[in-house]
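In what follows, a single structure is set out as structure tokens and then discussed.
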Amino acid sequence: MDHLDELESRSIYIIREAYRAYKHVAALWSIGKDSTTLVWLIRKAFYNKVPFPMMHIDTTYKFPEMYRFRDQYAKEWDLKLIVAKNEEAIKKGVGYSTHDAFTCCNELKTVALKQAIDRYMFKALFVGIRRDEHGIRAKERYFSPRDGDFKWNYKDQPPELWDQFTVKEGNQTHIRVHPLLHWTELDIWEYIRREGIPINELYFAKNGKRYRSLGCMPITKPFESNAQTLDEIIEELKTTKLAERSGRAQDKEQAYMMQKLRTLGYM
Amino acid sequence: MERYLSFVIVGHIDHGKSTLIGRLIYDTNSLPQERIDEVKKTCEMLGRPFEFAYVIDHLHEEREKAMTIDTSQTFFKYKRNYVIIDAPGHKEFIKNMLTGASMADAAVVIIDTEVGLEEQTKRHLYLLNMLGIKQVVAVFNKMDNVKYDKQRFEKVNSDLRAFLANFPIKPAEYIPISAMNGDNIVKRSENLTWYSGPTLIETLATFKNKSDLEEEELRLPVQDVYTLDGEKVCVGRIESGKLSEEHLMAVPVMKEVRLKSVKDKKVLAGQSTGVVFDNSDGIDRGQIICKKNRLPKITDQITATLFWMGEKELAKKDKLIYKSTTQEAECQLNEVHFKFNSSTLEPINGDSDRINGLEAAEVTIKLNKKIAVDSFNRIPPMGRFVLIKDGIVEGGGIIA
């Protein structure tokens, strides 16, 4: 087995473990490269007959290209798609022109997710986070329980020994399952190239700029790049010293912001 | 693409694990400028000098208390790709250390040369041994604090060798370093001219990935059975051997099956696959697909070395769940043959009805049904298990 085979096999194993344990599950699909790779792996795990829905938490601030991509592939891949929004906050006018990034992320993403979980009563959620994305995410487990208040208790996480995951259901609202935890950004791109996974056009350079990580439009900035093909993106990543999420404002606005967001239930 | 080499850094709290990791990724140029700036800013905020450890100690509490709480993984590249697994050195967080170490191909044991071997240094060495990690390198850190003194290094080095005398673990190298100053990690030290051996990175370069177990007997634990287009597909990961069209048998149910098709042509150890048999009645999660004349041991009683990490003791009357690959059974401790301190390795006499947290023991476990096992030394996934008490993994065991 080569490196990508090993990553793939492990992810599929985790996806199947979680589905077996919880059945009533969904995958969060943000339409970015990671969660689209996750959708690809889920399709492989179930031989293109995915038995559970993909859920898009729609802040309404995503790029038009992302909405187009979502609708095209939801149809082409025959996915059950759930689009979840915090309608109440949107009605109240929570938005980037009037509120800070922390409030927007919390209201439009985290609260929207909470509402969706309450409505559909999912027992587990697949989330395409990776350990190398952010220091806090490096501390995550494959199966990560969220308690009744939706919080991540990073101080006392269950051990994960030899692929035996803690599948206990208790007073936690749901389990986050992270099948891509062991992948790096470069791995994702190498795998996208090998498998021919369709990926959003925003990642490819246009007029000397491209996006490396996709979030809400007002707080996501492109960076200078001429990488127009997968080969060029992979070459660029091998030499860059820029952090992947450097274009994502919510990580930096205040120290420990990511930790705060995550303990509140942010993806 | 070549696989990443993953190694865990273990040792007692404060011996410099996080600093070593920060130094490794800094000296190999693997740190984004932004990360360096962020660490600088945090250090200024907390009124401290630049702290390499902050590169990986991200949690608020970790930085305030200067103590790694949870395991984390950091990627870096230096001629090949590495994953560093940081393991906390505090007794309280031993389950996090095990979580980290169980994923590693190799281990770096770090010892503060000024202080010498301590409780967790020894316990971690014991656990590495239990986990079957054979590629180990010992680094003697904080050489700057002992003025790069060769005698001090040799004293601690001989203590380590004496402790390891009865262990199968033999470090590949014993290297004097200073993580703070970057001596003998990536760059050779001018402060340690009396040391002529390899640097840490040169030693890591010689380590290999865990083997794939392709040459071993076939063991395919069934994870689940899906019905796709009216066909039953048994999915699972091939833990060892190769899947072929020979006579197969599902154990412990002892049912002969014939392979009809392999969904994704995946037939090698390590691969997640899906297979269709001529008749899969009675085959569900927990059955192991093997070659008919090459079966594992089928038993409802096992003798094993057990490490108990639970905060609460394990008593004979406790109801437990045994889990190994996809097999699961209710079980109870039948007999505790002997117990020992997992750090000093000294025997613990008396009370053979219970095992306390951080104790290791030779035990017999009685299960409520038959399961399949192989020796850990031959097929590790089939010879190791966890014990679950009240829904939480509290023990890990090895079957010799």
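Quick note, the sequences are listed as chains E and S, same order. Residues are numbered in our numbering as their position in the first sequence, beginning at 1, plus a constant of 7. Residues are numbered in our numbering as their position in the second sequence, beginning at 1, plus a constant of 3. Don't be surprised by glycine CBs; every beta carbon is placed ideally from N, CA and C.
Query, Result
"Opposing strand residues paired with Ile22 (chain E) [DSSP bridges]", "According to DSSP, Ile22 (chain E) bridges with nothing at all."
"Segments of 3+ residues assigned as beta strand (DSSP E) that fall wholly inside the segment 248-277 of chain S", "251-254, 258-260 and 262-265"
"Chain E contact for Thr308 (chain S) (CB, 8 Å cutoff)", "no"
"Per DSSP, cross-strand counterpart(s) of Leu8 (chain S)", "S:Tyr85"
"Whole-Å CB distance - Leu2 (chain S) paired with Pro166 (chain E), under 8 Å assumed", "Residue 2 (chain S) lies beyond the range of chain S shown here (4 to 403); nothing can be said about it."
"Identity of the residue in S:Ile12, S:Cys237 and S:Gly398 nearest Leu317 (chain S) by Cα", "S:Gly398"
"Exposure label - Gly277 (chain S); buried when at least 16 CB within 10 Å", "buried"
"Status (buried if at least 16 other CB within 10 Å, exposed otherwise) for Arg381 (chain S)", "exposed"
"Neighbour flag for Ser21 (chain S) against chain E, beta carbons, 8 Å", "no"
"Contacts that Asp147 (chain S) makes with chain E (C-beta to C-beta distance below 8 Å)", "Residues of chain E passing the Cβ test: none, with the nearest at roughly 27 Å."
"Same chain, Cβ closer than 7 Å to Ile401 (chain S), neighbours up to 5 away in sequence not counted", "Met133, Ala307, Thr308, Phe379, Gly386 and Arg387"
"Within-8 Å CB hit, Gln123 (chain S) to chain E", "no"
"Beta-carbon spacing of Asp147 (chain S), Gly119 (chain S) below 8 Å", "no"
"7 Å Cβ cut-off: residues of chain S touching Ser16 (chain E)", "Arg240, Gly273, Gln274 and Ser275"
"Straight-line Cα distance separating Lys98 (chain E) from Val46 (chain E)", "31 Å"
"For Met8 (chain E), the nearest candidate out of S:Ile97, S:Lys266 and S:Ile241 (CA to CA)", "S:Ile241"
"Which of helix, strand or coil DSSP assigns to Leu195 (chain S)", "coil"
"Whether Lys372 (chain S) touches Asn337 (chain S) by CB criterion (8 Å)", "no"
"Touching by the beta-carbon criterion (3+ pairs, under 8 Å), the segment 63-82 of chain E and the segment 181-197 of chain E", "no"
"With 16 other Cβ atoms within 10 Å as the buried cut-off, status of Asn113 (chain E)", "buried"
"Span separating the alpha-carbon of Phe230 (chain E) from that of Arg83 (chain S)", "28 Å"
"Reference Met224 (chain E); option with closest CA among E:Val57, E:Gly102 and E:Pro205", "E:Gly102"
"When S:Ile87, S:Met4 and S:Met48 are compared against Arg26 (chain S), the one with the closest alpha-carbon", "S:Ile87"
"Check whether Glu331 (chain S) and Gly289 (chain S) have beta carbons under 8 Å apart", "yes"
"Endpoints, the beta strand (DSSP E) within which Asn282 (chain S) is located", "No beta strand (DSSP E) holds Asn282 (chain S); DSSP gives it neither H nor E."
"Cα-Cα separation, Arg126 (chain E) to Ala208 (chain S)", "52 Å"
"Proximity to Ile301 (chain S) [Cα-Cα], best of S:Ala175, S:Phe166, S:Pro255 and S:Glu259", "S:Pro255"
"Nearest-angstrom Cα separation, counted from Ile195 (chain E) out to Leu216 (chain S)", "26 Å"
"Contact with chain S by Glu197 (chain E), beta-carbon distance below 8 Å", "yes"
"Cβ neighbour criterion (16 or more within 10 Å) applied to Pro171 (chain S)", "exposed"
"CB contact below 8 Å: Gln261 (chain E) versus chain S", "In this prediction, Gln261 (chain E) has a pLDDT of 49, which is less than 50 and means its spatial position is unreliable; nothing more can be read from the coordinates."
"Contacts that Glu5 (chain S) makes with chain B (C-beta to C-beta distance below 7 Å)", "The structure shown contains no chain B; its protein chains are E and S."
"For His340 (chain S), the residue or residues it bridges with in DSSP", "In the DSSP output, where bridge partners are listed per residue, His340 (chain S) has none listed."
"Phe143 (chain S) - containing beta strand (DSSP E), residue span", "Gln138 to Asn144"
"Reference Asn212 (chain S), options S:Asp115, S:Asn296, S:Gln226 and S:Met106, closest by Cα", "S:Met106"
"Burial state of Gly394 (chain S), where buried means 16 or more other Cβ atoms lie within 10 Å", "exposed"
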